[in-house]
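Written out below as structure tokens is the structure these notes cover.
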Amino acid sequence: MSTYTPLTIDIAIEQHLAGAKIGSLVSIRDAVALVRLFAPEARVSDQELANRIAWAAIAKNCNVSFDFEFENEQRKPKDEIETRTAA
1 MSTYTPLTID
11 IAIEQHLAGA
21 KIGSLVSIRD
31 AVALVRLFAP
41 EARVSDQELA
51 NRIAWAAIAK
61 NCNVSFDFEF
71 ENEQRKPKDE
81 IETRTAA
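Counting from 1, one number per residue, gives the positions in the sequence shown under the UniProt record's numbering.
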């Protein structure tokens, strides 16, 4: 059984964002699912993982789509999904 560290999670995030180009749109929902696939035993909440992915994508000058709903948030209609652009 493997042990996943924050560094392993960061590597999985970088692998997911490797093909992202400046200005491309990164879906947090898809990214969380793929990072969970690479690091299934990671003991990190989905919200923390989403934040780490978002910051990594913003650092690469990508647009980030927060199409991810956390359990403790109220449900939003699909037309109210937030999209943020890297500054």
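Every residue, glycine too, gets a C-beta built ideally from N, C-alpha and C.
- Boundaries of the alpha helix (DSSP H) harbouring Asn51: Asp46 to Ala59, taken from the DSSP string.
- For Ser27, the enclosing beta strand (DSSP E) starts and ends at Leu25 to Ser27.
- The alpha carbon of Ile58 has as its nearest neighbour, out of Ala12, Ile9 and Lys21, the alpha carbon of Lys21.
- Considering only Ser24, Ile11, Arg43 and Leu17, the residue with the shortest C-alpha distance to Ala31 is Leu17.
- Less than 8 Å separates the beta-carbon of Ile9 from that of Ala39.
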